[in-house]
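In what follows, a single structure is set out as structure tokens and then discussed.
Protein chains: 2
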Amino acid sequence: MAKVKTRDRILTTSLALFNELGEPNVTTLLISDELNISPGNLYYHFRSKSDIVGELFGQYSHEINDLLAIPKDVEVSLDQLGFFLHLLFETIERYRFLYHDLVNILSRYPELRPGFRRILDSKQKGFQILCDSLANQGLMATEPTIIKALCEQLTLTVCYWESFDSLRDAGNRNNLDPRRGVYQVFHLLIPHLGASASRELYLLAQDYQPD
Amino acid sequence: MAKVKTRDRILTTSLALFNELGEPNVTTLLISDELNISPGNLYYHFRSKSDIVGELFGQYSHEINDLLAIPKDVEVSLDQLGFFLHLLFETIERYRFLYHDLVNILSRYPELRPGFRRILDSKQKGFQILCDSLANQGLMATEPTIIKALCEQLTLTVCYWESFDSLRDAGNRNNLDPRRGVYQVFHLLIPHLGASASRELYLLAQDYQPD
DNA sequence: GTCTATATTAAGATAGAC
DNA sequence: GTCTATCTTAATATAGAC
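Keeping their order, the protein sequence lines are chains W and B.
Per numbering that gives the first Met the number 0, residue 0 is the first one in the first sequence, and the count goes up by one each step.
Per numbering that gives the first Met the number 0, residue 0 is the first one in the second sequence, and the count goes up by one each step.
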């Protein structure tokens, strides 16, 4: 049971607090309180709060880019697609604070803006590859403007689904679940698929059914 | 040219600044500076900053509910649908600051949460009525779970489209345009429509084309 | 109804001892 | 590497004169 480094404990606890309370509501004092360390100690490990946010964003950026590095010639099954989406939602939800107060975060940490845009781009390109794969397998029509709008819609949805879902929720349910996101994205794809694949995905979506 | 009341000028200017800079970045001092009045004067008209935010939310809530009060038995054409969506996006964009830092705003003004959820509900119900109308005209299939997922998707999209659109934008373009939102929503509907209506909406979408 | 001056509070951050 | 004590800054809000 090696002792976890204070620096890493700060990152873990900050992330948890940011997600739970919203980044603007989390002070450096609260973070150090939660860890039972002094504020001075926190500032020994990080020169500023923005360094913490920046490092967490770097982690997110790294994880999401790994996930979205999809080979161009992939032949993806609907099952694999569900698995991929599950991972994607899970990752985004783990860093959900970034999307909860986006304008505020970008205005206070403007250095993150290019990174945010790159991630948006990666997501859209990743979806493009996946749609191309479905099209190549003859499962989906190939009208480029339709596919482009669909990929934008997929990108928007993975970014904001969790925010939307938890807003609807009375704040009571409290149980975050990436499965609802996968269900929703499946229903974005269903009407674009041919009859047989459409039916297959519809049934697969039941496994991700809310409630 | 009747003189506009200070109270109303405060609301108008606050809304503009909130949308431009993000609500958390707009101090009461900045608002009063912008209006060339003293901070004390501002606090004569509003007991607190949250009163300003609350009143603006009330305006938004009122406008959006008026718009979403769609008669149950409406028979809507695709043209009319486009017009409706244009108004809807325009209204939401006029109060876009509310969705830009949602978690932060809800945590600082928790009294707004029920209203937010009611609006979400109105939107989804409004879309349900519109989809029912299309279904009744034989333009769209009627599978209830499909329609429900679609209405959720429409609701998510009208709420977050502008946020998404301006994030992608280098922040350079700067030209807010509800038409891009309408285009996007049309492309959510297109694959659900029968061949003829689908084609019609696809062509209609050209009028709302980006670029 | 509007002003100036100021009280209050709380955040981010640093200095210096241990 | 960690602590306590403190500085600095800035925002919300109030008091009292005009």
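Even for Gly, the Cβ is constructed at its ideal location relative to N, Cα and C.
Interface flag for F56 of chain W against chain B is unset, since no Cβ pair is found closer than 7 Å.
Counting C-beta pairs closer than 8 Å gives three or more between the region 157-165 of chain W and the region 76-91 of chain W, which meets the contact rule.
In terms of beta-carbon proximity, P190 of chain B lines the interface with chain W, with at least one pair separated by less than 7 Å. By the CB criterion at 7 Å, I69 of chain B and G125 of chain B fall inside the cutoff. For V102 of chain B, the C-beta contacts it makes with chain W under 7 Å involve G21, H99 and D100, in order along the chain. In the DSSP assignment, the residues bridged to L192 of chain B are B:M139. Contact between the region 191-207 of chain W and the region 12-24 of chain B is not established, with fewer than three Cβ pairs separated by less than 8 Å. DSSP places A15 of chain B in the uninterrupted alpha helix (DSSP H) bounded by T5 to L20. One alpha carbon belongs to T12 of chain B, the other to I36 of chain B, and they sit about 12 Å apart. If you draw a straight line from the Cα of S197 of chain W to the Cα of I189 of chain W, it comes to about 5 Å. Cβ atoms of L200 of chain B and L77 of chain B come within 8 Å of each other, at about 5 Å. Taking the CA atoms as reference points, I30 of chain B sits about 36 Å from S60 of chain W. By the 16-neighbour rule on beta-carbons within 10 angstroms, S132 of chain W is buried.
Setting aside the 5 residues that flank it on each side, L203 of chain W is surrounded in the same chain by L77, D78, G81 and F185, each with a C-beta closer than 8 Å to its C-beta; the list follows chain order.
By the Cβ neighbour-count rule, N40 of chain B is exposed, with fewer than 16 other Cβ atoms within 10 Å of its own. Residues of chain B whose Cβ lies closer than 7 Å to the Cβ of R167 of chain W are, in chain order, R116 and L119. Residue contact with chain W for Y159 of chain B: present (Cβ-Cβ distance below 7 Å to some residue of chain W). Remark: C-beta atoms of V25 of chain B and G21 of chain W do not approach each other more closely than 7 Å. Listed in chain order, the non-local C-beta contacts of V73 of chain B below 6 Å within the same chain comprise S132, local neighbours out to five positions each way being set aside.
Approximately 6 Å separates the beta-carbon atoms of Y108 of chain B and V52 of chain B; this is inside 8 Å, confirming the contact.
For S49 of chain B, the enclosing alpha helix (DSSP H) covers residues K48 to L67. Using a Cβ distance threshold of 7 Å, R167 of chain B and L119 of chain W count as a contacting pair. Neighbours of F88 of chain B in chain W, taken as residues whose beta carbon is under 7 Å from its own, are absent, since the nearest beta carbon is some 14 Å off. For the set B:F96, B:L129, B:Q127 and B:Y207, the Cα lying nearest the Cα of D176 of chain B is the one of B:Y207.
For D32 of chain W, the closest alpha carbon among the candidates W:S49, W:R8 and W:R179 is that of W:R8.
DSSP, reduced to helix, strand and coil, places R95 of chain W outside both helices and strands of the structure shown, so it counts as coil. With a beta-carbon spacing of about 5 Å, Q127 of chain W and C150 of chain W fall inside the 8 Å limit used to define contacts. S121 of chain W is positioned such that its CB atom lies closer than 7 Å to that of N64 of chain W.
Taking 7 Å as the cut-off, the beta carbon of E161 of chain W is found closer than this to the beta carbon of E92 of chain W. Here L187 of chain W really is in contact with Q152 of chain W; their C-beta atoms are around 6 Å apart, less than 8 Å. Annotated three-state conformation of S37 of chain W is coil, per DSSP. Residues of chain W with a Cβ closer than 9 Å to the Cβ of I145 of chain B are, in chain order, H186, I189, P190 and Y201.
Within 10 angstroms of the beta-carbon of D164 of chain W lie 16 or more other beta-carbons, which makes it buried. Residue contact check for N24 of chain W against chain B: a CB pair falls below 7 Å.
Assignment of S132 of chain W by DSSP, reduced to helix, strand and coil, places it in the helix class.
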